[in-house]
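Residue numbers (this note's numbering): 1 to 739.
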C-alpha cells in the first residue's frame with residue numbers, strides 16, 4: 001500500500017504470554033503495510049513472567065502499557081484510549097497474521113463508511129477452520145461459523161455477519177466513539193457479542209472478509225473450564241443488559257450451573273447479574289422482574305431435587321443387586337464346603353493304596369540306579385577314546401597347514417630376490433647420472449655465491465638508510481599524538497559547555513510552564529469563588545422553599561405509614577410476598593455483592609422528579625496517587641429536559657466541628673426527559689477529577705483547598721443541582737485514604 005494509507009493502531013493484551021510474543025510480533029512487523037502508518041501497542045495485565053523486558057529488548061517499536069488488574073476488556077480500553085489510528089485492531093497474542101491480513105481488511109473497510117468492523121478467516125495451526133464470524137444459536141448462545149471444519153473454500157465469500165470475534169478484528173474509530181468502549185463488567189468472553197449488539201442498534205454493520213487469514217492457537221492463554229464458566233456467566237450478564245425481561249426464562253441455559261455440579265456458582269454470580277441490570281434499568285423494572293427470577297430459581301432447585309432422587313433410585317437398585325449377589329455367593333460357599341468334605345474322605349481311602357505303591361516304586365528305583373551307574377562308566381570310556389581321536393586329527397591338520405605356509409614363504413623369497421637384483425641395476429645407473437649432475441651444480445653454486453656477496457653489500461647500505469628514516473618517523477608520530485590529545489581535551493570541554501547550556505534551557509522552559517499553570521489555576525480558583533458565592537445565595541433560597549416542602553412531606557409520610565400497615569396486614573403480603581424470603585438464602589454465598597446491592601436498593605429512592613439514582617465507589621479505600629473510579633447515575637422522571645449540575649465535594653470526616661472542605665468538582669449537562677444517564681468519575685486525590693460520559697471526557701470545574709492527610713476517613717458527597725426548579729438531591733460515601 002502507498003504512504004497515504006490510513007493510520008492503524010494494533011492492540012494486543014498479554015498475561016504471562018512470553019512464549020507466544022516472538023511469533024506474534026514477527027508476523028506483525030512483516031505485514032505488507034507502511035511501517036510509518038502503523039502503531040503497535042501491548043497492554044500487560046500484570047504478567048509475572050518477563051514478557052515486558054522481552055518485548056522492550058527485542059521489539060523496541062512496540063508501545064507498552066500496564067494494567068493494574070487482570071481484566072481483558074479494561075486492558076483493551078486502555079489501549080484504545082491511547083491509540084492514534086483511524087482504524088483500531090484488537091488481536092490476541094497467540095495468533096500469527098498472514099502478511100496481507102491488514103491490507104485486505106483496510107481495503108474492504110474503505111469501500112463503505114457504514115462498515116463498523118471486520119474480521120478475517122481464523123484457522124487452527126493445522127489448517128482447519130476455527131471461525132468465519134459468529135452465528136446465533138437458541139437461548140442466547142453464539143458460536144463460530146465453520147468451527148473445526150476442513151477448509152474447502154466453503155467460506156470464501158465476503159458477507160455481513162451478526163457478530164465478530166475479538167481474536168483478530170479491526171474497528172473503525174468512529175464506530176467505537178459512537179457505541180462506546182468494551183464493557184469491563186464482562187472481563188473476557190462474550191464482550192464481542194455485546195459490542196455487536198450495541199453497534200447494530202446504532203446502525204453499524206459488521207462484515208467477514210475471507211482474504212484476511214489468521215492462524216490462532218485455540219485457548220492458548222486460557223483453559224476450557226475457565227472459558228466455559230465465563231461464557232455462561234457473561235451470557236446471563238448480556239441478557240440482563242440487553243434483554244432483562246427474558247432473564248428469568250434463560251437462567252437455566254444448558255444446565256451448566258446445575259446439571260454439571262456448579263449449583264453454588266449460580267448463587268454467587270446472581271447478585272452481579274442483578275447489579276448489572278440495575279446499572280442499565282431503573283429500580284421499578286428490577287422489582288417487576290424479581291418474582292419471575294425467584295420462581296425460575298425454585299424450578300431449578302426442583303430439578304436438582306429430581307435428579308438427586310433419580311440418582312438415589314439408581315444407587316438403591318445397585319445395592320439390592322449386590323445383596324442378591326452376596327446371598328448367591330453364600331449358598332455357593334455352603335455347597336463348596338460339603339464337596340470338600342467328600343473329597344477329603346476319598347483322599348483318606350486312597351492314602352493306603354498310595355503307600356503300597358510307593359514301596360514298590362522305591363525297589364524299582366534302586367534297580368534303575370544300579371543300571372544307570374553301569375551305563376555311566378561305559379559312556380565315560382567312550383568319551384575318553386573320542387577325545388584321543390580328536391587330538392590326533394588336530395595335530396595332523398596343524399602340520400599340513402604349517403607345510404603349506406612354508407611353501408608360500410619360499411615362493412615369496414624367490415620373487416623378492418629377483419626384484420632386488422633388478423633394483424640394484426637401476427640404482428647404479430641413477431647414481432652415475434646424479435654424480436654428473438652434482439658436478440654441474442657445484443660449478444653453478446660457486447657463481448651464485450659470488451653474486452650473493454655483491455647483493456649483501458648493497459643490502460647493508462639500504463638498511464642503514466631505512467633505520468635513519470624510521471627514527472624520523474617515530475619523532476613525527478610523537479608530535480601527532482600530542483596534537484590529538486589537545487584536540488580531544490578541547491572536544492570534551494565543548495561537550496560539557498553544550499550540556500550545561502541545554503540543562504539551563506530546560507530549567508527555563510520548566511519554570512515558564514509552571515508559571516503558566518499557576519496563572520491558569522488562579523483564574524480557575526477565581527471562577528470557582530464567584531460560582532460558590534452565587535451558589536450560597538441560591539442555597540439560602542432553597543432552604544426556605546425546602547422547609548415548606550418538608551412540612552408538606554411530613555403529612556404525606558403519615559398517610560404512607562398508614563397504607564404500609566394495611567399492606568402488612570393484607571393477605572397478599574402473608575401468602576405471596578412472605579414465602580419469597582426463603583430465596584434470599586443464596587445471599588450467604590456472596591455477602592459482599594449482596595451488601596452492595598442492598599445499599600443500591602436503599603439509595604434508589606426518588607425524592608423528586610430529578611434525582612441521584614446511584615452514587616457508588618469502586619472500593620471503600622481510596623488509593624493516593626492512582627486513578628479511583630466512581631459511578632454517578634442521574635435520573636429524570638419529568639416529561640421535560642433539565643439542565644443539571646453534578647457536584648462532588650470532599651470533606652473531613654473526623655473534624656466534625658470545622659467540617660474542613662478539601663475538594664470540589666462540578667460538571668454541567670442536559671438530562672433528557674424520562675431517562676437516565678451514567679457518569680463515570682475518575683480522580684487520584686492529588687490534582688483534579690475527570691468526568692466520562694459514554695467513553696468521552698467532559699470539561700469540568702474543579703478546585704482543591706489543601707493537602708489531604710493519609711490514613712484518614714473522608715466524606716465524599718454527590719450533589720445534584722437543577723438551577724431552574726431549585727430541586728437537589730445528595731448522597732454521601734465514606735472512604736479511607738491510603739498510599
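Each residue gets a CB set at the ideal place from its N, CA and C atoms; glycine is no exception.
Given residue i as reference, the closest of the options once Cα atoms are compared
i: residue 733; options: 631, 156, 292; result: 631
i: residue 717; options: 89, 612, 692; result: 612
i: residue 202; options: 443, 626, 217, 177; result: 177
i: residue 269; options: 233, 294, 284, 295; result: 233
i: residue 6; options: 86, 80, 282, 730; result: 86
i: residue 38; options: 627, 9, 437, 282; result: 9
i: residue 267; options: 251, 622, 277, 280; result: 251
i: residue 126; options: 511, 218, 153; result: 218
i: residue 617; options: 680, 55, 132, 300; result: 680
i: residue 205; options: 737, 505, 160; result: 160
i: residue 157; options: 196, 166, 193, 108; result: 108
i: residue 698; options: 496, 376, 668; result: 668
i: residue 33; options: 16, 54, 4, 22; result: 4
i: residue 280; options: 676, 265, 684; result: 676
CB contact flag (residue i, residue j, <7 Å)
i: residue 273; j: residue 227; result: no
i: residue 653; j: residue 713; result: yes
i: residue 93; j: residue 25; result: no
i: residue 633; j: residue 614; result: yes
i: residue 104; j: residue 13; result: no
i: residue 740; j: residue 116; result: The structure shown has nothing for residue 740, since the chain only spans 1 to 739.
i: residue 721; j: residue 626; result: no
i: residue 672; j: residue 641; result: yes
i: residue 88; j: residue 80; result: yes
i: residue 59; j: residue 118; result: no
i: residue 678; j: residue 629; result: no
i: residue 662; j: residue 648; result: no
i: residue 49; j: residue 16; result: yes
i: residue 817; j: residue 131; result: Past the edges of the chain, shown from 1 to 739, lies residue 817, and the structure says nothing about it.
i: residue 719; j: residue 710; result: no
i: residue 540; j: residue 621; result: no
i: residue 686; j: residue 643; result: no
i: residue 137; j: residue 194; result: no
i: residue 242; j: residue 197; result: yes
i: residue 28; j: residue 40; result: yes
Close beta carbons around residue i, own chain, < 6 Å, minus the five adjacent residues each side
i: residue 236; result: 273
i: residue 188; result: 72
i: residue 702; result: 665, 688, 689
i: residue 66; result: 44
i: residue 599; result: For residue 599, the pLDDT reaches just 45, beneath the cut-off of 50, and the residue's location in the model is therefore unreliable, although a value from the coordinates is still provided. Nothing listed; no residue qualifies.
Neighbour-count burial assignment, residue i, 16 or more Cβ in a 10 Å radius
i: residue 607; result: Low confidence applies to residue 607: its pLDDT is 41, below 50, so where it sits in the model is not reliable, and the reading given next is rough at best. When all chains shown are included, residue 607 counts as exposed.
i: residue 244; result: buried
i: residue 129; result: buried
i: residue 42; result: buried
i: residue 172; result: buried
i: residue 146; result: buried
i: residue 317; result: exposed
i: residue 175; result: buried
i: residue 133; result: buried
i: residue 287; result: exposed
i: residue 707; result: exposed
i: residue 636; result: buried
Own chain residues within Cβ distance below 8 Å of residue i, not counting five before or after
i: residue 248; result: 289, 292, 293, 295, 296
i: residue 69; result: 45, 46
i: residue 740; result: Only positions 1 to 739 of the chain appear in this structure, which leaves residue 740 out of reach.
i: residue 151; result: 123, 127, 128, 129
i: residue 155; result: 121, 129, 132, 145, 146, 208, 210
Residues of its chain near residue i, where Cβ-Cβ distance is below 7 Å and the 5 sequence neighbours each way are ignored
i: residue 213; result: 98, 101, 120, 121, 123
i: residue 230; result: 187, 188, 189
i: residue 605; result: Residue placement at residue 605 is flagged as unreliable, the pLDDT there being 35, under the threshold of 50; the coordinate-derived value follows with that caveat. Counting only Cβ-Cβ distances below 7 Å, and skipping sequence neighbours, we find nothing.
i: residue 95; result: 24, 167, 168, 214, 215, 216
i: residue 581; result: At residue 581, the pLDDT of 44 sits below 50, so the modelled position is not reliable and the matter cannot be decided from this model.
Exercise. Where in the region 125-204 do unbroken runs of the alpha helix (DSSP H), each at least 4 residues long, occur, reported from the N-terminal end onward?
Worked result: Complete alpha helix (DSSP H) runs here, min 4: 173-179, 191-201.
Exercise. For the region 31-103, which segments carrying the alpha helix (DSSP H) assignment without a break, of at least 4 residues, lie completely within its bounds, in sequence order?
Worked result: Fully enclosed alpha helix (DSSP H) runs of no fewer than 4 residues occupy 51-58, 72-82 of the region 31-103, in order along the chain.
Exercise. Which residue spans inside the region 662-726 form an unbroken beta strand (DSSP E) run of at least 3?
Worked result: You should have 675-683, 689-693, 696-698, 701-704, 713-722.
For this session: Entirely within the region 234-302 and at least 4 residues each: give me those alpha helix (DSSP H) ranges in chain order.
Result: Correct list: 247-250, 263-280.
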